[in-house]
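Residue numbers (my numbering), protein chains in the order written: chain A, 168 to 668; chain B, 18 to 280.
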């Protein structure tokens, strides 16, 4: 009896002493909000997708679409009606069960025009919840890219009634969701200290596989130098973005890296409203900024010359884009144009890398007689570049991400007339027509051919210059496995699958 | 003058010459990639190459030019404006002197560096914006020194005699009053160069100096901090250059002060 008591005591002690499994991740910036409808975020995207879940998602490592909250779905033969069968046994973080009526209420919220991501559902005609496990979306016109939009990292993700009813507050729950979360995901938001840290704890009632980690601590560490030191000292487990490329070849022992091609594409946007309005001069400048001159110096083995204006994870183009190669001709064109001074802008989101590319370009441009300077454009000013074309830089370089893996999302966001990230107001009616036609093609090879033709057209116009496919590199402490990275999910691991050996 | 300080004064002249002759002295164009990035210092590239493959020595020589010459301009404007205000107050006296003295004190007590940072951020980064904004805040100490010196000199017999013999206006100031303030002014200005260099470097470190790829010393250090443990020469050498400039300016100021005492 005495031995039994001792054994029970030891068991109880052992149970209490079992250490909590904690994953610590360095974030380079604060998170604007975890509200999946209120902002396009990059930092924090991986946390958002374990708080909230959408109907479908991309499988890890691919752009194949798999069910998420939707167990299955059917698409009507006219391509207009999407009928989703919802997973059984899903509950929100506050314990309430999720039904199709909740999903419908959430999707109605997402369509509200005051929310910046409402455009994802622009083509939706009507929605309904005919029974507790069926959710139906009817489109105004066929959209072959619609399912991709629903699998996008910024896609609708279901928010529960705690936000949409209990704390709606007259602003669709936006204020409450700035500091709280009520989704169906495998983790719940436990602590939120803006500018310092966010803590997620495992959802004990999660419908899916139990995550390995009990607790995810997201620490805001603004400088990459500090992140690197913390990683080496074991104070964080993962640096998801920004580890200097030139140091990846000699990582300290105990660190590993995961590299994969994302949907992002390094591009140069040419402002045709200032010094580069002359096509001959533009071609000369394009010859000088050829990534062949700087790609390896900047990215080492972690990038490849772009094959088109679509990232290779989206369309694997046949060969790298061919840049004008005659630098003597470029020099002559510049000399004929007189003294040429241009400015290269780069986004502050990845300032060290972008600045390096810009300065390589400056050096190369000087060789053809162009004087160039560089300056930073804060990321929140990117979308207003189109409003001040006369004072904008002549070239803007950035790695930007489309909404999803379907090329229509790249064309629709960057290249079409009036597109949200068409920074310098490029407009070509012929291209818009080609894009509308390509957007309706359902055969993948045909579709890709149509979009590659669009890419050639834009490149020959000298409006957008595809520079490089750059790998997303995640540096982490050895022992972590099942990172669950996805091409469509920038700077992110999957906290639901990651584990420590 | 002690030997070290004398050497520092000579160094100031050398630095000024280097700054002015940078285009002829630099072994390469500071903007052009001339070799592979991250080449360590060697006989071929004495200071190595930076993250773009630009010659670090060339960039340092131009960096001295972009730091040293604007510092001299800021000091020159500060001395000129401060002298005008100081002399005007001291000579006019009364209400004018009181107003100028309060204005000077106002500029001394406000947190000038912070306001200058905000002003340059608002105007947009650029070396001349920085110089103009810094000059606006750099004159008050000189005004105070000149005012005190001129008032003291004005009470001396030779100035009194000049006034009694009918010397007035600019001639009185330039011939009898101001020369007495010059030694103090010169020593202060020389010592002050070090402060200006530090503030200018701070501005460029924060990205408020000349736009990249200008080889500003502060900006060169700031941009390459992540290379500190792997390619030390890229952030360290510009920082050492700033340190050397500041030490040299301080030593030269001390030397001049010693010299003036003995004159």
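We put the beta carbon where it would ideally sit given N, CA and C, even for glycine.
Helix or strand or just coil, what does DSSP make of residue i?
{"i": "residue 512 (chain A)", "result": "strand"}
{"i": "residue 276 (chain A)", "result": "helix"}
{"i": "residue 489 (chain A)", "result": "coil"}
{"i": "residue 624 (chain A)", "result": "helix"}
{"i": "residue 358 (chain A)", "result": "strand"}
{"i": "residue 101 (chain B)", "result": "helix"}
{"i": "residue 574 (chain A)", "result": "helix"}
{"i": "residue 636 (chain A)", "result": "strand"}
{"i": "residue 393 (chain A)", "result": "helix"}
{"i": "residue 568 (chain A)", "result": "coil"}
{"i": "residue 334 (chain A)", "result": "coil"}
{"i": "residue 241 (chain A)", "result": "strand"}
{"i": "residue 265 (chain A)", "result": "coil"}
{"i": "residue 146 (chain B)", "result": "helix"}
{"i": "residue 126 (chain B)", "result": "helix"}
{"i": "residue 168 (chain B)", "result": "helix"}
{"i": "residue 470 (chain A)", "result": "strand"}
Who are the Cβ neighbours of residue i in its own chain at under 7 Å, not counting the five residues just before and after it?
{"i": "residue 322 (chain A)", "result": "221, 287 and 316"}
{"i": "residue 272 (chain A)", "result": "331"}
{"i": "residue 546 (chain A)", "result": "514, 515 and 516"}
{"i": "residue 176 (chain B)", "result": "170, 193 and 194"}
Strictly below 9 Å CB to CB, what residues from chain B border residue i?
{"i": "residue 391 (chain A)", "result": "243"}
Since residue i meets chain B, which of its residues come closer than 8 Å, beta carbon to beta carbon?
{"i": "residue 540 (chain A)", "result": "228, 229, 230 and 231"}
{"i": "residue 527 (chain A)", "result": "50 and 69"}
{"i": "residue 669 (chain A)", "result": "Since the first and last residues shown for chain A are 168 and 668, residue 669 (chain A) lies out of range."}
{"i": "residue 522 (chain A)", "result": "229 and 240"}
Leaving out five residues on either side along the sequence, give the residues of the same chain with a beta carbon under 6 Å from the beta carbon of residue i.
{"i": "residue 539 (chain A)", "result": "509, 511, 529 and 532"}
{"i": "residue 258 (chain A)", "result": "264 and 372"}
{"i": "residue 307 (chain A)", "result": "290 and 292"}
{"i": "residue 329 (chain A)", "result": "261 and 349"}
{"i": "residue 102 (chain B)", "result": "117 and 160"}
{"i": "residue 501 (chain A)", "result": "451, 507, 535, 536 and 537"}
Report the CB separation of residue i from residue j in whole angstroms; it is logged as a contact under 8 Å.
{"i": "residue 504 (chain A)", "j": "residue 445 (chain A)", "result": "6 Å"}
{"i": "residue 270 (chain A)", "j": "residue 302 (chain A)", "result": "5 Å"}
{"i": "residue 433 (chain A)", "j": "residue 638 (chain A)", "result": "Contact flag wrong, Cβ pair sits at about 11 Å."}
{"i": "residue 406 (chain A)", "j": "residue 642 (chain A)", "result": "5 Å"}
{"i": "residue 238 (chain A)", "j": "residue 226 (chain A)", "result": "About 15 Å separates the two Cβ atoms, so there is no contact after all."}
{"i": "residue 232 (chain B)", "j": "residue 76 (chain B)", "result": "4 Å"}
{"i": "residue 458 (chain A)", "j": "residue 472 (chain A)", "result": "5 Å"}
{"i": "residue 662 (chain A)", "j": "residue 201 (chain A)", "result": "The Cβ separation is near 13 Å, so there is no contact."}
{"i": "residue 80 (chain B)", "j": "residue 211 (chain B)", "result": "With 8 Å as the limit, residue 80 (chain B) and residue 211 (chain B) do not qualify as a contact, their Cβ atoms being about 17 Å apart."}
{"i": "residue 218 (chain B)", "j": "residue 203 (chain B)", "result": "Rounded, the Cβ-Cβ distance is 24 Å, inconsistent with contact."}
{"i": "residue 404 (chain A)", "j": "residue 192 (chain A)", "result": "7 Å"}
{"i": "residue 206 (chain A)", "j": "residue 309 (chain A)", "result": "In fact, because the Cβ distance is near 29 Å, the residues do not count as touching under 8 Å."}
{"i": "residue 602 (chain A)", "j": "residue 621 (chain A)", "result": "6 Å"}
{"i": "residue 82 (chain B)", "j": "residue 49 (chain B)", "result": "Not quite, the Cβ-Cβ distance comes to about 17 Å (not below 8 Å), so this is no contact."}
Confirm the yes/no value for this check: CB of residue i, any heavy atom of the ligand SAH, distance under 8 Å.
{"i": "residue 348 (chain A)", "result": "This structure lacks the ligand SAH; in fact it carries no ligand of any kind."}
List the residues of chain A that residue i touches, going by C-beta distances under 7 Å, in chain order.
{"i": "residue 54 (chain B)", "result": "464"}
Interface residues of chain A around residue i at Cβ under 8 Å?
{"i": "residue 49 (chain B)", "result": "530, 533 and 534"}
Using a C-beta to C-beta distance shorter than 9 Å, which residues of chain A count as neighbours of residue i?
{"i": "residue 166 (chain B)", "result": "Within chain A, no residue comes near residue 166 (chain B); the closest Cβ sits about 44 Å away, beyond 9 Å."}
{"i": "residue 186 (chain B)", "result": "Simply none; closest approach about 48 Å."}
{"i": "residue 247 (chain B)", "result": "411, 413, 414 and 417"}
Is it right to say residue i is buried, meaning 16 or more other beta carbons lie within 10 angstroms of its own, or is it exposed?
{"i": "residue 360 (chain A)", "result": "exposed"}
{"i": "residue 240 (chain B)", "result": "buried"}
{"i": "residue 448 (chain A)", "result": "buried"}
{"i": "residue 408 (chain A)", "result": "buried"}
{"i": "residue 244 (chain A)", "result": "exposed"}
{"i": "residue 555 (chain A)", "result": "exposed"}
{"i": "residue 295 (chain A)", "result": "exposed"}
{"i": "residue 8 (chain B)", "result": "Here chain B comprises residues numbered 18 to 280, so residue 8 (chain B) is not present and cannot be evaluated."}
{"i": "residue 656 (chain A)", "result": "buried"}
{"i": "residue 63 (chain B)", "result": "exposed"}
{"i": "residue 277 (chain A)", "result": "buried"}
{"i": "residue 261 (chain B)", "result": "exposed"}
When you compare the CB of residue i with every CB in chain E, is at least one pair closer than 9 Å?
{"i": "residue 65 (chain B)", "result": "This model lacks chain E altogether, as its protein chains are A and B."}
By Cβ distance below 8 Å, which residues in the same chain neighbour residue i in space, the five residues on each side in sequence not counted?
{"i": "residue 487 (chain A)", "result": "471, 472, 473 and 474"}
{"i": "residue 189 (chain A)", "result": "380, 381, 382, 383 and 384"}
{"i": "residue 224 (chain B)", "result": "142, 236 and 239"}
{"i": "residue 553 (chain A)", "result": "589, 590, 591 and 592"}
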